[in-house]
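Enquirer:
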Amino acid sequence: MQRKPSILAVIAIVLAVLLLGYFATTPIAKSINLGLDLRGGLRVVLEAQETEGKAITEDTITKALGILRTRVDSLGVKETTLYPQGDNRVVIEIAGEDDPEAAVDILKNVAQLEFQDEQGNVLVTGENLENAEARMSQTGSGNAEVLLEFDKEGARLFAEATAANVGKPLLIVIDDKVISAPNVNEPISDGNAVISGSFTAEEAQNLAVQLRSGALPVSFEVMEKRSVGPTLGADSLDKSLKAGIIGLIAVLIFMLGYYRLPGLIADLSLVIYIVLVLGTMSLLGAVLTLPGIAGLALSIGMAVDANVVIYERIKEELRFGKTLGAAIEAGFKRAFWAIFDSNLTTLLAA
Numbered sequence: 000m001q002r003k004p005s006i007l008a009v010i011a012i013v014l015a016v017l018l019l020g021y022f023a024t025t026p027i028a029k030s031i032n033l034g035l036d037l038r039g040g041l042r043v044v045l046e047a048q049e050t051e052g053k054a055i056t057e058d059t060i061t062k063a064l065g066i067l068r069t070r071v072d073s074l075g076v077k078e079t080t081l082y083p084q085g086d087n088r089v090v091i092e093i094a095g096e097d098d099p100e101a102a103v104d105i106l107k108n109v110a111q112l113e114f115q116d117e118q119g120n121v122l123v124t125g126e127n128l129e130n131a132e133a134r135m136s137q138t139g140s141g142n143a144e145v146l147l148e149f150d151k152e153g154a155r156l157f158a159e160a161t162a163a164n165v166g167k168p169l170l171i172v173i174d175d176k177v178i179s180a181p182n183v184n185e186p187i188s189d190g191n192a193v194i195s196g197s198f199t200a201e202e203a204q205n206l207a208v209q210l211r212s213g214a215l216p217v218s219f220e221v222m223e224k225r226s227v228g229p230t231l232g233a234d235s236l237d238k239s240l241k242a243g244i245i246g247l248i249a250v251l252i253f254m255l256g257y258y259r260l261p262g263l264i265a266d267l268s269l270v271i272y273i274v275l276v277l278g279t280m281s282l283l284g285a286v287l288t289l290p291g292i293a294g295l296a297l298s299i300g301m302a303v304d305a306n307v308v309i310y311e312r313i314k315e316e317l318r319f320g321k322t323l324g325a326a327i328e329a330g331f332k333r334a335f336w337a338i339f340d341s342n343l344t345t346l347l348a349a
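The letter at position 347 of the sequence shown is residue 346 when you use numbering that gives the first Met the number 0, and the numbering goes up by one with no holes.
#1: Three or more C-beta pairs closer than 8 angstroms, one from the stretch 197-211 and one from the stretch 241-252: is that the case here?
#2: Can at least three beta-carbon pairs, one atom from the stretch 172-189 and one from the stretch 128-136, be found at a separation below 8 angstroms?
#3: Expressed to the nearest angstrom, what Euclidean distance is found between the alpha-carbon atoms of S341 and S73?
#4: I271: buried (16+ other C-beta within 10 angstroms of its C-beta) or exposed?
#5: Given 8 angstroms as the limit, is there contact between the stretch 156-167 and the stretch 105-113, that is, 3 or more CB pairs closer than that?
#6: I think V145 touches A207, with their Cβ atoms under 8 angstroms apart; what is that distance to the nearest whole Å?
#7: Taking DSSP as the reference, what is the three-state secondary structure of Q84?
#8: Roughly how many whole angstroms lie between the Cα atoms of A93 and L260?
#9: Exposed or buried, D104, counting other C-beta atoms within 10 Å across all chains shown (16 or more means buried)?
#10: If you draw a straight line from the C-alpha of K332 to the C-alpha of L317, how long is it?
#11: Exposed or buried, which one is L212 when buried takes at least 16 other CB atoms within 10 Å?
#12: What would DSSP say about K224, mapped onto helix, strand or coil?
#13: Give me, in chain order, the residues of the same chain whose beta-carbon lies closer than 7 angstroms to that of K321; leave out the 5 immediate sequence neighbours on both sides.
#14: Can we say the stretch 300-308 touches the stretch 278-287, given the rule of at least three CB pairs closer than 8 angstroms?
#15: Would you report the Cα separation of E220 and A47, rounded to the nearest angstrom?
#16: Under three-state DSSP, which class holds S341?
#17: So who's on the other strand from L170, going by DSSP bridges?
#18: Which stretch, first to last residue, makes up the alpha helix (DSSP H) that contains N191?
#19: Kindly examine the ligand MG and report whether one of its heavy atoms sits closer than 8 angstroms to the Cβ of S341.
#20: Which residues share a DSSP beta bridge with Q48?
#21: G40 by DSSP, collapsed to three states: which one?
#22: Work out the CA separation of A334 and D304 for me, nearest whole Å.
#23: Within 8 angstroms, do at least three Cβ pairs link the stretch 57-65 to the stretch 35-42?
#24: Please state whether the Cβ-Cβ distance between T61 and P83 is less than 9 angstroms.
#25: Between which residues of its own chain and M0 is the CB-CB distance below 8 angstroms, once the five residues before and five after are set aside?
#26: By DSSP's criteria, S179 is part of a beta bridge. Which residues make up the other side?
#27: D36: buried (16+ other C-beta within 10 angstroms of its C-beta) or exposed?
#28: In this structure, how does DSSP classify R134 when only helix, strand and coil are distinguished?
#29: Straight-line CA distance for G196 to S179?
#30: Could you tell me which residues DSSP puts in a beta bridge with T79?
#31: Check whether the Cβ atoms of V379 and I338 sit closer than 9 angstroms, and answer yes or no.
#32: Let me know the secondary structure DSSP gives T124 once reduced to three states.
#33: By the three-class DSSP mapping on this structure, what secondary structure does N32 have?
#34: If I measure Cβ to Cβ from L156 and keep anything under 6 angstroms in the same chain, skipping five residues before and after, which residues do I get?
#35: Where V193 and G119 are concerned, what is the direct C-alpha to C-alpha distance, given to the nearest angstrom?
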């Protein structure tokens with residue numbers, strides 16, 4: 000007669016733990032970014048365009064990839080894959096971006112900055128640019144602008160350019176397009192310049208990212224642009240999640256049924272662990288992919304394994320007649336190296 004209530008108690012406790020985990024993790028899980036293999040996205044193939052006297056080499060593509068990667072990191076675009084294809088192409092895969100085509104436009108633009116005089120002579124280029132930051136206009140117009148900061152050589156060239164063009168316009172040109180042509184009132188020797196115009200905050204930020212990352216060594220044309228579906232379909236993903244939940248329930252029931260109160264503590268700690276992992280991923284803006292799911296499942300299994308090893312060592316110490324406090328202390332000490340070796344082996348294998 001006592002067995003039935005105990006079974007019901009186990010079921011009730013497991014359900015309570017699961018509900019706690021569900022309500023704690025659901026809002027967090029929804030805020031985690033999914034990778035290309037889970038969410039799908041956009042795949043774009045860019046082809047480098049040869050210009051007179053400038054052949055496309057492996058170094059050219061390598062340099063372009065480095066600049067593109069810097070732009071991706073600055074934009075905060077999640078789960079973007081870039082890799083070379085053939086001798087003159089670059090493949091960009093963007094996962095679930097709200098406006099992936101706009102992101103591609105930002106990435107593929109050369110962003111060659113030049114300051115020219117009225118005759119079109121290039122006086123300063125973006126090669127001497129040290130930093131570029133977007134900010135709201137200081138004139139109160141409500142538009143945004145980009146503040147430029149030159150290196151030592153750039154500051155010298157810019158001072159000479161402004162000194163030679165006092166009372167004249169200085170053309171600010173990006174990719175052969177005149178962005179603005181402000182009149183020079185006096186020489187500017189502090190190494191700073193401002194690109195102003197009818198920029199929105201987003202446009203100014205994107206331009207700052209392009210200029211800060213440097214100009215691409217060659218221009219690119221879009222050769223292919225298509226949507227990419229998730230590697231794992233929605234149905235398969237749902238089945239995988241259900242299988243994981245069933246496995247988790249089985250583990251919780253086993254730990255509670257076999258170890259009783261220590262098992263309950265282990266179950267609660269496991270739920271807290273999952274919440275902390277997912278919460279950290281959400282906070283850091285990390286991207287969850289198929290390998291990431293496998294890693295999460297592995298880490299949960301390792302956590303359960305550690306609990307089992309510790310509890311078995313504690314039970315052995317209790318059989319030797321030690322008090323509960325002494326058994327817990329000795330059990331943790333005996334289990335430490337076994338758990339350490341297990342985790343180290345897993346880390347090396349990964």
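The beta-carbon is built from N, C-alpha and C at its ideal position, and this holds for glycine as well.
As the structure is a prediction and not an experimental result, all values here were calculated from the model.
Expert: Let me spell this out:
#1: no
#2: no
#3: 38 angstroms
#4: exposed
#5: no
#6: 5 angstroms
#7: strand
#8: Strictly speaking, residue 93 in this sequence is Ile, with Ala absent from that position. The straight-line gap from Cα to Cα measures roughly 48 angstroms.
#9: exposed
#10: 14 angstroms
#11: Reading off the sequence shown, one finds Ser at residue 212, where the question assumed Leu. With 16 or more other Cβ atoms within 10 Å, it is buried.
#12: strand
#13: A329
#14: no
#15: 7 angstroms
#16: helix
#17: Q115
#18: Where N191 is concerned, there is no enclosing alpha helix (DSSP H), although the beta strand (DSSP E) it sits in stretches over 191-198.
#19: This structure lacks the ligand MG, and indeed carries no ligand of any kind.
#20: S218
#21: strand
#22: 11 angstroms
#23: no
#24: yes
#25: Residue placement at M0 is poorly supported in this model, since its pLDDT is 41, which falls under 50; the coordinates are not used for a value here.
#26: I171
#27: buried
#28: strand
#29: 7 angstroms
#30: I93
#31: A question about residue 379 goes unanswered here, because the residues of the chain that appear run from 0 up to 349.
#32: strand
#33: strand
#34: V123
#35: 19 angstroms
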